[in-house]
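Here the structure is laid out as structure tokens; the discussion comes afterwards.
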Amino acid sequence: MTWMDRLALFGPLDCAALACIFILWFAIGWMTENSNTKRPSMSQLMAAHRREWMVQMITRQPRIFDAHILGTLRQSTAFFASTSVIALGGTLALLGNSEQMATVVEDLSLTDLPTVVWELKMLLPLFFLANGFLKFVWSNRLFGYCSVLMAAVPNDVHDPRAPQMAAKAAELNITAARSFNRGLRSLYFALASLPWLIGPIPLILAAIITVIIVGRREFRSESRRILLES
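Following the working numbering, the numbering of the sequence shown begins with -9 at its first residue and continues without gaps.
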């Protein structure tokens, strides 16, 4: 069976569902990272607080508190990176045992399709998991760069280099947090891509529900309301 024969096993609705989940994934990411000032997302509100954190760090002596916070952030990225690797390993193991997986999925979807169809469908969560892992690793690395810059900020509050270097550390911190958030969204959509095994309609519904959940947490959550209170 050639690749064209394998792709022919997927109908137009499968292609539409696949396009839907990718469009929604890009859309919610763009809305979160490029929201306007009148309706900022949680990520943008926290970016302002990260800048303020670096400003306050200049005058804080000693800076053990700041180092502890950054260490906690790095631990979070390491945890999710490890989780992504474990999930990747489980997905690859499932692909290696695709015949038993096909039997279970056929009972759920009430369809009889070649095993290669289920294998190709599992590539979608595999993609999101791999992307999440790369984002978490890069976020961990960026938080490491940020820690170096924070350590390089002069202890003398009157040193003219202190605000400039603190501002650079803040931007690195924000970039690391952005990569971390992208990794989390990839994990969300990795879970949302699993219903494709049942059919394209469940995939579309899962993608829509995931966008609603992520959008609510970024734009309508209780934590966001607390940050916006004057």
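We treat Cβ as the ideally placed atom computed from N, Cα and C, and that holds for glycine. Computed from a prediction, not measured in an experiment: that's the story for all the values here.
- Taking all protein chains shown into account, residue 177 has 16 or more neighbouring C-beta atoms within 10 Å of its C-beta and is therefore buried.
- DSSP places residue 52 in no alpha helix (DSSP H); its state is neither H nor E.
- The closest CA to that of residue 57, considering only 44, 69, 68 and 11, is found on 44.
- For residue 199, the secondary structure class from DSSP, reduced to helix, strand or coil, is helix.
- Here the segment 103 to 122 does not lie against the segment 160 to 169, with fewer than 3 beta-carbon pairs under 8 angstroms apart.
- With the rule of 3 Cβ pairs closer than 8 angstroms, the segment 181 to 192 does not count as touching the segment 79 to 88.
- Residue 76 carries a helical assignment under DSSP once its states are collapsed to helix, strand and coil.
- Ranking 122, 193 and 134 by CA distance to the CA of residue 170 puts 122 first.
- Residue 140 sits away from residue 160, with the two beta carbons spaced by 7 angstroms or more.
- By the criterion of a C-beta distance shorter than 8 angstroms, residue 125 is surrounded in its chain by 169, 170, 172, 173 and 176, once the five residues flanking it on both sides are discounted.
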